[in-house]
Ligand code: G3H
Ligand code: 13P
Ligand code: ZN
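Numbering (my numbering), first residue to last: 3 to 383.
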């Protein structure tokens, strides 16, 4: 199937009250595995590349210094892989830009084959956020591409939920933002946080979500709610990594139960990155422990060296530097590279199988009324 915009998938999740995971990728084998496991579970799929993931897959090993040219190259590599694997799959697949920060990046990603983009203006003032989001909506919708905005700052303070100092999303601001920008979906701040340290026993402020959904219902507006920073940080993975010499102090996630309650209160899209990073890195560390002879491999010995020199690293990008060909294009130069990438794939599948099932999108592939970019373009105009 061709890659489609996100709106039909999120509208369906809203209509049938289930959650749709949106999973971050940083290599071609992660893309392959993510599409495969969604297809096995007969779930629609949202594959997402963050701005820096695009830079990395454009060949920028020190991805934090990515330039727009790196991002443009990476978007093409990601786009090519997603369109290739989606073509042979019978599920609807979306390619979504995660946390885009400006119009240039948005354009580079759409040129590379993205069918959905996020513009994250949450660190700007309300007015500036609306302005840049409106600009992106105008550009993207004219091409049939869906847009996610963000309002509120993640890692909100526990008290003063509806006060003026709160970093949580204010429901009335959300209404104004949605009305004035025309976004298809909105990332809200309601107690989640990026990364592995989300705090113990996090309780999500579902009243924020419920208020926004109720206001939207009264106004007759459709906009899907997005939960960022939603990794569950499985305890067994923290323990596995510890046994392998990798420590993640105070690692705590959002419980699956909390996310399921949020889905029942109106969350449609759930973003997960850190859980995948952990499983992939655990698998690579375990692989070199089990196959000592591979530690000196001509082609993958460099990955082992990086893992060894950085025992606490869980972001695979920090150790993929010596196998960039396979990362960027999926080319396996020899059987060692192929074997290591199999471990990467298994890590992705391990996490996604659990979350797709828990969020409730398994088996839902036929509920989505697929629309092409061309169809959506006509609907948006
Ligand atoms: O929030 C999304 C991702 O975890 C972003 O990670 O900016 O390091 O690519 P990154
Ligand atoms: P995690 O760090 O909780 O995986 O969040 C990922 C995310 O929000 C990507 O946009
Ligand atoms: Zn995020």
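Using N, Cα and C, we set each Cβ at its ideal position, and we do this for glycine too.
As the structure is a computational prediction, the values presented were derived from the model and not from experiment.
Say yes only if the C-beta of residue 274 is nearer than 6 Å to one or more non-hydrogen atoms of ligand 2, and no if none qualify. yes
Would you report the Cα separation of residue 373 and residue 94, rounded to the nearest angstrom? 9 Å
Cα-Cα separation, residue 379 to residue 83: 24 Å
Is it the case that the Cβ atoms of residue 251 and residue 214 are separated by a distance below 7 Å? no
Would you give the residue range spanned by the beta strand (DSSP E) that residue 271 belongs to? 269-274
Just the Cα atoms here: how many angstroms apart are residue 147 and residue 294? 47 Å
In the structure shown, what three-state DSSP assignment does residue 22 receive? strand
If you draw a straight line from the C-alpha of residue 300 to the C-alpha of residue 326, how long is it? 14 Å
Please confirm whether any heavy atom of ligand 2 lies closer than 6 Å to the CB of residue 233. yes
Taking 8 Å as the cut-off, does the region 119-129 touch the region 72-86 (at least 3 CB pairs, one atom from each stretch)? no
Of the listed residues 284, 90, 81, 87, nearest to residue 115 (C-alpha basis): 81
Entirely enclosed alpha helix (DSSP H) segments - the region 178-262, minimum 4 residues: 208-221, 237-245
What first and last residue would you give for the alpha helix (DSSP H) that runs through residue 328? 326-331
Using only the alpha-carbon positions, how far apart do residue 362 and residue 13 sit? 15 Å
Where are the alpha helix (DSSP H) runs, 4 residues long or more, that stay fully inside the region 6-70, in chain order? 9-18, 30-42, 53-59
Quick check on the DSSP output: the beta strand (DSSP E) that includes residue 150 runs from which residue to which? 148-153
So what does DSSP say about residue 125, is it helix, strand or coil? coil
From this set, 96, 234, 187, 244, which residue's C-alpha is nearest residue 287's C-alpha? 244
Since residue 100 is in the beta strand (DSSP E), which residue starts that stretch and which ends it? 95-102
Cβ neighbours of residue 207 in the same chain (closer than 7 Å, five flanking residues each side left out): 163, 170, 192, 193
Is it buried or exposed for residue 158, if we count other Cβ within 10 angstroms and need 16 for buried? Note that residue 158 scores a pLDDT of 48, beneath 50, so its modelled location is shaky; the value from the coordinates is reported in the next line. Answer is buried; the Cβ neighbour count reaches 16.
Under the three-state reduction of DSSP, which class applies to residue 119: helix, strand or coil? strand
May I have the straight-line CA-CA distance separating residue 50 from residue 296, to the nearest angstrom? 31 Å
Extent of the continuous alpha helix (DSSP H) run through residue 105: 105-114
Residue 340: first and last residue of the uninterrupted alpha helix (DSSP H) it sits in: 337-361
Using a 10 Å radius around the Cβ and a threshold of 16 neighbouring Cβ atoms, would you call residue 100 buried or exposed? buried
Residue 371 and residue 285 - do their beta-carbons sit closer together than 7 Å? no
Own chain, CB closer than 6 Å to residue 38, minus 5 neighbours either side, in chain order: none
With a threshold of 6 Å (Cβ to nearest heavy atom), would residue 230 be considered close to ligand 3? yes
Given 8 Å, three or more beta-carbon pairs between the region 225-240 and the region 253-272: yes
For residue 175, name the three-state secondary structure that DSSP assigns. helix
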